[in-house]
Every structure is written in C-alpha cells, then in structure tokens.
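K.L.:
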Amino acid sequence: MKLNISKDAPNSGEITLEKFFQFNIIGNKKSDNRHQIDTFNAICFKTEIDTFNAKIDCEVIFTDFGDAKGKDKAKISFSDRVRYFDEISILQQFWGEESYRNDNREDFIKQCLIVFEIEPTEKDALIKDVELIYETLDKNSTLPLIINEDKDGVTPFILLPFSAKAHGGNKVRLEGDRSLKSLTILRDKIALGFWFQKTSNVVIKNQLNSDVINSEIIFNSKFKSPDFKIYYQIGNKVDVKKNLVSIKGGEDSSLDAEIVRVYSQSEITYFHDWAELGIYNSALLRLQNSTKVNKQISIEVKSVSSELLLEDVEATQSKEVHVFILSIFISVLISMGLDATRLASCDFTFFFPDIPIITESLIWLFVCGGFILKHLIYSKVYLIKENCKRVIKSLAVFVCFWVFCCFFIEKKMFTEWEDADILVLLGMKFSHWIQFFPLIDIVLSLYLFFSLIFYRYYEKNNRNKEHWFTKILKNFFGVR
Numbered sequence: 026m027k028l029n030i031s032k033d034a035p036n037s038g039e040i041t042l043e044k045f046f047q048f049n050i051i052g053n054k055k056s057d058n059r060h061q062i063d064t065f066n067a068i069c070f071k072t073e074i075d076t077f078n079a080k081i082d083c084e085v086i087f088t089d090f091g092d093a094k095g096k097d098k099a100k101i102s103f104s105d106r107v108r109y110f111d112e113i114s115i116l117q118q119f120w121g122e123e124s125y126r127n128d129n130r131e132d133f134i135k136q137c138l139i140v141f142e143i144e145p146t147e148k149d150a151l152i153k154d155v156e157l158i159y160e161t162l163d164k165n166s167t168l169p170l171i172i173n174e175d176k177d178g179v180t181p182f183i184l185l186p187f188s189a190k191a192h193g194g195n196k197v198r199l200e201g202d203r204s205l206k207s208l209t210i211l212r213d214k215i216a217l218g219f220w221f222q223k224t225s226n227v228v229i230k231n232q233l234n235s236d237v238i239n240s241e242i243i244f245n246s247k248f249k250s251p252d253f254k255i256y257y258q259i260g261n262k263v264d265v266k267k268n269l270v271s272i273k274g275g276e277d278s279s280l281d282a283e284i285v286r287v288y289s290q291s292e293i294t295y296f297h298d299w300a301e302l303g304i305y306n307s308a309l310l311r312l313q314n315s316t317k318v319n320k321q322i323s324i325e326v327k328s329v330s331s332e333l334l335l336e337d338v339e340a341t342q343s344k345e346v347h348v349f350i351l352s353i354f355i356s357v358l359i360s361m362g363l364d365a366t367r368l369a370s371c372d373f374t375f376f377f378p379d380i381p382i383i384t385e386s387l388i389w390l391f392v393c394g395g396f397i398l399k400h401l402i403y404s405k406v407y408l409i410k411e412n413c414k415r416v417i418k419s420l421a422v423f424v425c426f427w428v429f430c431c432f433f434i435e436k437k438m439f440t441e442w443e444d445a446d447i448l449v450l451l452g453m454k455f456s457h458w459i460q461f462f463p464l465i466d467i468v469l470s471l472y473l474f475f476s477l478i479f480y481r482y483y484e485k486n487n488r489n490k491e492h493w494f495t496k497i498l499k500n501f502f503g504v505r
C-alpha cells in the first residue's frame, strides 16, 4: 500500500496536517487467496499562507502479487466519508472530549469566544466569519467543528469538513472553497477536513509462510503534523512476527519506530463501517508515537514506511498437524516398501524398473522422498510458478497409480491369460510403461530438491540486479 501526498499550491508555503489519521484494514484471506484491503484516511490541513486556495492530491496505490507475470497495480474503489465528521461523539474519543459541533450558530459563536479567547470588541467580525462558514458548508450539508484536545503540541482549531473527490486514476483531490478567503478573525484558526476510503482485493506478498504488508506514506512537499496516527486491523488469530518502521524527516534525518498492539478497542465506539469490517472481533495495531517520533513529525516529515510480517497462527497449527500426519504416512509407506518379505515378492517388484545400479529399496526411498517435496509445494513452503505447479500435480497422479499397482496388482494379471497371447503381450507392454512412472518421479524429485535449495538463494538475491544465474532459477526452476 502506498499513499503519495502532494500539494497543488506553489505559493502556499509549509503545510500543517493538524490531524492525520490512517486506518488500514487487512481482511481475512478468501478462497481465491485474496484479501480485501480497506484504507481510511482522515486529513485536516492548513497552509502557511493561503489555506483556501490550496489543493492536495492523494494517490493511493495497492500492489497485487497475484499476477502471473509479477506484481501489478490493483483496481481500487473510492468512497468519500465526509459524514464521519457528523459523529462528534465518536470523534471526541480520539480528538478530545472538548471538541464541539452544533448546528446553532449563536452557540457556535459563544464557543469560539471561549475557546479562542476572542475579545468582545471583535465579536461583530466573529459573527460575520461564522455566518460565512455556515453558509459555505451548507452547500455540502456539513457543519463546522471545534477540535479542542488537551495534548502537548496540539492547539484548538476550527475544522471545516469538505468532500474528497476522485481526480483521475487513483488520485483524490482535497480542496476547500475559495469564498472563505474573505474570513478575517478566524482565518488563521481554520483547517480543512477530509475523510475518504479506498478499497481493493489483492493477493498479498507471501514470504516463508508469512504475509508481508508493506505500507508507505510519501510527502512530496514540506509537511509537518502535530497529531499523526497510523492504525492497522488484522485477524484475531494473526501474529505479528516482525515489524519495521522508518520515518524520514528534513535534511535526510531518519528515525526508526515500531508497531504495537492495542488492547482497548472493545471499550470504544467506532463508525458503523468499521464495525461491519470487524473491528470489534479483530486485533488492532498502531504506530507507537514516542516522544522522538512526535517531535520529528511535528518539525517535518518526508515519508513513513512500515513492513509487517504476519503469521496466521491457526493456519500454522493446522500445517503442523498436516506435517505430523504426513510423517506418519511416509514412515508407514517406507516401512511397508522396505519390508524384506515384500521386496522378495515378484508381485511387489514386478512394476519396478530394472536398473542395475539402483536397487528396488533405493527407488522406493526416492519415491517416498518425492512425496515430501511435493507437500512443500502444496503447503506453499516455497513458491514456484503456477504452470510448473500444475505439471507437478499431474505427474504426482502417475506415481500414486504406480504405488497402487505395487501393492494391489498381482503379476499374474498381466502374464497368465489362457489362449490370449495378445492380452499377455498388451499386459507386459502396459507393465513396462508403468515402470517409467517412478523414474519420471525421481527426476522430478531431484528437480524439486535443487529448486528448494536455489529458492533460498533466490530469495536473498532477487532484489539485486538480476544476472544470468537468477534468470536460470526463474525460467528453468520456476522459483519466484
């Protein structure tokens, strides 16, 4: 996930994000291995010079790793969520209990006099400003809010909600109303507020049986924020194995941070959309806003990059059970095939290929080992191209048929036919063809064995510039 934020106001000076709130919801994996990703962004900004003439473009990009040719940009849907600003009781939980919203202009004027300590002599100018604000916002059926939070570095301000608008491709345009330029006494106390949602269904990058969530916020101009929050919602049975956060500020300064778990969401009332997306039954994570992090972002922020390594605990436990069952199955299969009495039986060894340098017991061990390698593919311990996986699954059917013949088909069924020489001949031909199945499987197992070894090498080197060896691994062995 990537959010590019840029300003379209060359003469506006520095931009302050009075409130920046991003909430990323990672949905559960569906039957087609896709996850629904929802990202909610609340942005309240003002500029150093001319807030009401400023425009901000937000480009949201989701990367889909399900494309056969490699990662690709995913299709994204857009929804404006300006109505969230109407739910003042919910906002007060996050942005201060003293935050205020009222459709009565007289009451709003009284609140402005108290919060911003405006002199009585300036009340006439205040009334004109409030009238203009209400008339302007009435076009969008919204009301102004006074955000008043008792927090270091955060000063009270008036938030004017406006609708975010889709603006070509995956961009969202954030802009206010130029008629507000005539404001006087409240001019420097205004911030424009927007809330929007982006949704996509993607295949998440998988590495060593863990989902990798990469999130990046890039600011293409000079931005700062006194209140910067990032949250993630993941499944209740998902464990965070690893997380890395890097924050870059001015003059190429860099700061490391971390993602921590939140345990109090059951005590908070959330928006209806978030409840529908399972916030009360999920795990909640957030960027840990340490003193150093807050100080850096309040001065200048250029980018915030994070990487989460998520492991499905329930799926891991299920795989452990499968491995246990597979180990029992393979052990039994090996012991049955290496039984001395059975190896001495012509019925059992009739379908084994006659190779002087390889004994029947060694062939049986190779075939059983091949079942383990195939399981690594089916359980996605390591990844290969889909077309290679289909070929492997098809060939696995043949070796299973060969194992069935060894245990349950007797030699006489192919050799003892009274007065039917042609059937005996066909039976012998068929038995010879079956003998090729374990040989093909042994070659396939060796191929998978080397693929598994080279996959580890490829994982460490594929991010670097590709050379001839990594191309061989990708094209011949199918690793990715």
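Numbering-wise (the numbering used here), the sequence shown opens with residue 26 and increments by one. Here a beta-carbon is modelled for each residue, glycine too, at the ideal position from N, C-alpha and C.
Leaving aside the five residues before and after His192 along the sequence, list all residues of the same chain whose C-beta is less than 6 Å from its C-beta, in chain order.
P.N.:
Position 167 of the sequence shown, counting from 1, holds the residue named residue 192. Hits under 6 Å: Arg198.
K.L.:
Give a yes or no on contact between the region 339-355 and the region 279-292, applying the rule of three or more CB pairs nearer than 8 Å.
P.N.:
With a cut-off of 8 Å, the region 279-292 and the region 339-355 do not count as touching, because too few Cβ pairs lie within range.
K.L.:
Determine the extent of the alpha helix (DSSP H) in which Ser14 is found, giving its start and end residues.
P.N.:
The shown model of the chain, from 26 to 505, leaves out residue 14, and the question about it has no answer.
K.L.:
Under a Cβ-count criterion, where at least 16 other Cβ atoms within 10 Å of its own Cβ denotes burial, should Ser124 be classed as buried or exposed?
P.N.:
Stepping through the sequence shown from its first residue, residue 124 is reached at position 99. When all chains shown are included, Ser124 counts as buried.
K.L.:
For Lys44 and Val237, I'd like the C-alpha separation in whole angstroms.
P.N.:
Sequence index remark: in the sequence shown, residue 44 carries index 19 (1-based). Sequence index remark: in the sequence shown, residue 237 carries index 212 (1-based). A straight line joining the alpha-carbon of Lys44 with that of Val237 spans about 28 Å.
K.L.:
According to DSSP, simplified to helix, strand and coil, what is Tyr295?
P.N.:
Against the sequence shown, residue 295 aligns to sequence position 270. DSSP places Tyr295 in coil when its eight states are reduced to three.
K.L.:
Using the C-alpha atoms, what's the distance from Ser386 back to Gly395?
P.N.:
As a first step, residue 395 must be located in the sequence shown, where it is residue number 370. As a first step, residue 386 must be located in the sequence shown, where it is residue number 361. Each residue's Cα considered, the two are about 14 Å apart.
K.L.:
With Phe87 as the anchor, note down where its alpha helix (DSSP H) starts and where it stops.
P.N.:
Indexing the sequence shown from 1 puts residue 87 at position 62. It is not in any alpha helix (DSSP H) - Phe87 carries neither H nor E in the DSSP assignment.
K.L.:
To the nearest angstrom, report how far apart Val357 and Ile388 are at their CA atoms.
P.N.:
Indexing the sequence shown from 1 puts residue 357 at position 332. Indexing the sequence shown from 1 puts residue 388 at position 363. One C-alpha to the other measures close to 16 Å.
K.L.:
List, from N- to C-terminal side, the beta strand (DSSP E) runs of 3 residues or more that fit wholly inside the region 201-252.
P.N.:
215-227, 230-232, 235-249
K.L.:
Secondary structure at Thr366, three-state DSSP: helix, strand or coil?
P.N.:
Numbered from 1 along the sequence shown, position 341 holds the residue referred to as residue 366. Assignment of Thr366 by DSSP, reduced to helix, strand and coil, places it in the helix class.
K.L.:
Are any of the Cβ atoms in chain C nearer than 7 Å to that of Cys69?
P.N.:
This model lacks chain C altogether, as it is built from one protein chain only.
K.L.:
Using a Cβ distance threshold of 8 Å, determine whether the region 146-158 contacts the region 210-223, with at least three qualifying pairs required.
P.N.:
yes
K.L.:
Please name the residue or residues paired with Ser104 in a DSSP beta bridge.
P.N.:
Along the sequence shown, one-based indexing puts residue 104 at 79. DSSP, once it has assigned bridges, lists Gln222 as partnering Ser104.
K.L.:
With 16 as the cutoff for other CB atoms within 10 Å, does Ile380 come out buried or exposed?
P.N.:
Mapped onto the sequence shown, residue 380 falls at position 355. So Ile380 ends up on the exposed side.
K.L.:
Just to confirm my understanding: we take Gly38, look at its own chain, exclude 5 residues before and 5 after, and list those with CB closer than 7 Å. What are they?
P.N.:
In the sequence shown, residue 38 corresponds to position 13, counting from 1. Within the same chain, Gly38 has close Cβ partners Thr72, Glu73, Ile74.
K.L.:
Using 7 Å as the threshold, is the C-beta distance between Phe187 and Leu168 below it?
P.N.:
Against the sequence shown, residue 187 aligns to sequence position 162. Against the sequence shown, residue 168 aligns to sequence position 143. Cβ atoms of Phe187 and Leu168: not closer than 7 Å.
K.L.:
Between Leu269 and the rest of its own chain, which residues show a CB-CB distance below 6 Å, the 5 nearest in sequence each way excluded?
P.N.:
Taking the first residue of the sequence shown as 1, we reach residue 269 at position 244. Closer than 6 Å at the Cβ level, and outside the excluded window around Leu269, lie Glu332.
K.L.:
Ala67 lies in the beta strand (DSSP E); which residues open and close that run?
P.N.:
Here residue 67 corresponds to residue number 42 of the sequence shown, with the count starting at 1. Per DSSP, the unbroken beta strand (DSSP E) holding Ala67 starts and ends at 60-72.
K.L.:
Given a threshold of 16 other Cβ atoms within 10 Å of its Cβ, counted over all protein chains shown, does Val326 qualify as buried or as exposed?
P.N.:
For the purposes of this step, residue 326 is taken as residue 301 along the sequence shown, with counting starting at 1. Under this definition Val326 is a buried residue.
K.L.:
Count the other CB atoms, across all protein chains shown, that sit within 10 Å of the CB of Lys32; report buried if there are 16 or more and exposed otherwise.
P.N.:
Looking up residue 32 in the sequence shown gives position 7. Lys32 comes out buried.
K.L.:
Assuming contact is defined by CB atoms lying nearer than 7 Å, are Leu420 and Leu469 in contact in what I supplied?
P.N.:
Within the sequence shown, the letter at position 395 stands for residue 420. Within the sequence shown, the letter at position 444 stands for residue 469. Cβ distance < 7 Å, so Leu420 and Leu469 count as in contact.
K.L.:
Apply the 10 Å Cβ neighbour rule to Gly129 and answer buried if 16 or more other Cβ atoms are within range, or exposed otherwise.
P.N.:
Taking the first residue of the sequence shown as position 1, residue 129 is located at position 104. Sequence inspection shows Asn at residue 129; the Gly mentioned does not correspond to that position. Flag for Asn129 reads exposed.
K.L.:
Using the rule of at least 16 other Cβ atoms within 10 Å of the residue's Cβ for burial, across every protein chain shown, is Arg506 buried or exposed?
P.N.:
It is not possible to answer for residue 506, since the shown part of the chain is limited to 26 through 505.
K.L.:
Give me, in chain order, the residues of the same chain whose beta-carbon lies closer than 7 Å to that of Asp466; leave out the 5 immediate sequence neighbours on both sides.
P.N.:
Sequence index remark: in the sequence shown, residue 466 carries index 441 (1-based). Excluding positions up to five away in sequence, the list reads Val392, Gly395, Leu420, Val424.
K.L.:
Using three-state DSSP, classify Pro381 as helix, strand or coil.
P.N.:
In the sequence shown, residue 381 corresponds to position 356, counting from 1. DSSP places Pro381 in coil when its eight states are reduced to three.
K.L.:
Where do the N-terminal and C-terminal ends of the alpha helix (DSSP H) with Asp132 fall, by residue?
P.N.:
Within the sequence shown, the letter at position 107 stands for residue 132. Its alpha helix (DSSP H) spans residues 130-140.
K.L.:
Could you say which of Lys98, Asn36, Asp277, Val265 lies nearest to Met26 if we only look at CA atoms?
P.N.:
As a first step, residue 26 must be located in the sequence shown, where it is residue number 1. The shortest C-alpha separation from Met26 is found at Lys98.
K.L.:
Judging by CA-CA distance, which residue of Gly201, Pro145, Asp175, Thr180 is the nearest neighbour of Lys164?
P.N.:
Your numbering for residue 164 matches position 139 in the sequence shown. Nearest C-alpha to Lys164: Gly201.
K.L.:
Quick one: residues in its chain with C-beta nearer than 6 Å to the C-beta of Pro181, no 5 flanking neighbours on either side, listed in chain order?
P.N.:
The sequence position of residue 181 within the sequence shown is 156, counting from 1. So the qualifying residues of the chain are Val140, Asn173.
K.L.:
Residues in the same chain with beta-carbon distance under 7 Å from Phe244, minus the five sequence neighbours each way, listed in chain order, please.
P.N.:
If you number the sequence shown from 1, residue 244 lands on position 219. Taking Phe244 as the centre and dropping the five residues before and after it, the same chain places the C-beta of Ile30, Val326, Lys327, Ser328 closer than 7 Å to its C-beta, in chain order.
K.L.:
Taking the alpha helix (DSSP H) that Leu162 falls in, what are its first and last residues?
P.N.:
Locating residue 162 in the sequence shown gives position 137, counting from the first residue. Segment 148-163, the alpha helix (DSSP H) holding Leu162.
K.L.:
Taking just the CA atoms, how far does Gln313 sit from Phe46?
P.N.:
Here residue 46 refers to the residue found at position 21 when the sequence shown is read from its first residue. Here residue 313 refers to the residue found at position 288 when the sequence shown is read from its first residue. Their backbone Cα atoms lie some 13 Å apart in a straight line.
K.L.:
To the nearest angstrom, report how far apart Lys230 and Asp89 are at their CA atoms.
P.N.:
Within the sequence shown, the letter at position 205 stands for residue 230. Within the sequence shown, the letter at position 64 stands for residue 89. Their backbone Cα atoms lie some 8 Å apart in a straight line.
K.L.:
Per DSSP, what are the beta-bridge partners of Gly260 in this structure?
P.N.:
Counting from one through the sequence shown, the residue named residue 260 turns up at place 235. Per DSSP, Ser307.
K.L.:
Can you tell me where the beta strand (DSSP E) holding Asp281 begins and where it ends?
P.N.:
Sequence index remark: in the sequence shown, residue 281 carries index 256 (1-based). Segment 279-282, the beta strand (DSSP E) holding Asp281.
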